[in-house]
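**Student:**
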Amino acid sequence: MKLAGGFQGVQSVALVGDRDRIEVTGDVDAVNLTNLLRKKVGFAEIVTVSKADEKDEKESESRDKAAQAIMWSYGVPHREIAYVVDPCYSEPSCSIM
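Offset between the sequence shown (1-based) and the working numbering: plus 338.
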């Protein structure tokens, strides 16, 4: 139980059944926890994986409903390029030039 309790994200650890199973609750990576138990204890397997109680979900939903600040994004400033053309409306009188 000390191994599972010291794992990152574990909220509680309890013995279940004939004291040969442990129940771990919290935001835990099940595969990493199983590998750790296999290295230290020997045999370990995942029986079930499920979501936590609805109470925790309701609390997280109430946190999500808080107003969020709006971040205004501004475009990158750039230089405008203006082309000035002097139109020539008169036709030359000499066609050779």
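Yeah, the Cβ is synthetic: ideal placement off N, Cα and C, and Gly gets one too.
Taking only runs of the alpha helix (DSSP H) that begin and end inside the stretch 361–386, which ones reach a length of at least 4 residues, in chain order?
**Tutor:** Taking only runs of at least 4 residues, the alpha helix (DSSP H) segments lying wholly in the stretch 361–386 are 368–378.
**Student:** Under the assumption that Lys346 contacts Thr363 (Cβ atoms under 8 Å), give the Cβ distance between them as a whole number of angstroms.
**Tutor:** Lys is not the amino acid found at residue 346; the sequence shown has Gln there. At roughly 14 Å, the Cβ-Cβ gap does not stay under 8 Å, so Gln346 and Thr363 are not in contact.
**Student:** By the 10 Å Cβ neighbour count, where 16 or more other Cβ atoms means buried, how is Leu353 classified, buried or exposed?
**Tutor:** So Leu353 ends up on the exposed side.
**Student:** Opposite Ala352 in the DSSP bridges: which residues?
**Tutor:** In DSSP, Ala352 forms a bridge with Glu361.
**Student:** Exposed or buried, Ala420, counting other C-beta atoms within 10 Å across all chains shown (16 or more means buried)?
**Tutor:** Ala420 comes out exposed.
**Student:** Express the C-alpha separation of Val422 and Tyr412 in angstroms, rounding to a whole number.
**Tutor:** Using only the alpha carbons, I get a separation of about 29 Å.
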